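Colleague:
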Amino acid sequence: MRAVPTAARALAERRSGTVSLGHNRLSIRSLHGIAGATALSGALAGYQIDTADGTQASLIELTAGGSCRVVVTRDPARRAAALAAVLTLALFGDSGDIG
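At position 70 of the sequence shown the residue is numbered 70 (the numbering used here), and the sequence of numbers has no breaks.
1) Classify Leu-31 as helix, strand or coil using the three-state DSSP reduction.
2) Near Val-86, which residues of its chain fall below 8 Å by C-beta distance, leaving aside the five closest residues on each side in sequence?
3) So, are the CB atoms of Ala-45 and Leu-62 less than 8 Å apart?
4) Kindly indicate which three-state DSSP category Thr-73 falls into: helix, strand or coil?
5) Below 7 Å CB to CB, which residues in the same chain sit around Arg-25 once its five sequence neighbours on both sides are set aside?
6) For the putative contact between Ser-16 and Ile-28, defined by C-beta atoms under 8 Å, what is the C-beta separation to the nearest angstrom?
7) Excluding the 5 residues flanking Leu-83 on each side, which residues of the same chain have their C-beta closer than 7 Å to its C-beta?
8) Report the three-state DSSP secondary structure of Thr-88 (helix, strand or coil).
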């Protein structure tokens with residue numbers, strides 16, 4: 001994961017990265033939007049994981065209190081890579097998320 005440049009006054013510290021499994025390369029980006037809000041939150045709301053063609057493969061929601069919700073694609077060709085990306089975040093975390 002690496003920092004994504006944002007405006008100087010932005011609260012959100014966006015992060016992005018990639019995970020590869022076999023021929024699948026997935027992009028990971030942090031989510032800071034909250035439904036109904038016009039600005040991004042400084043707090044991490046979750047992560048979106050997309051395939052190389054931009055198709056959403058997984059979504060991790062961290063706004064459910066002490067638990068997290070994970071949705072992973074049912075597409076068998078992309079499911080293993082999407083699970084690998086989720087597990088990578090679970091095992092290694094986001095080095096930019098300190099505190």
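The beta-carbon is built from N, C-alpha and C at its ideal position, and this holds for glycine as well. From a predicted model like this one, the values you see are computed outputs, not experimental measurements.
Modeller: If we stick to the structure as given:
1) The answer is strand: DSSP assigns Leu-31 an E or B state.
2) Ile-49, Ser-58, Ile-60, Val-70, Val-72
3) yes
4) coil
5) Thr-18, Ala-52, listed in sequence order.
6) 6 Å
7) Val-72
8) helix
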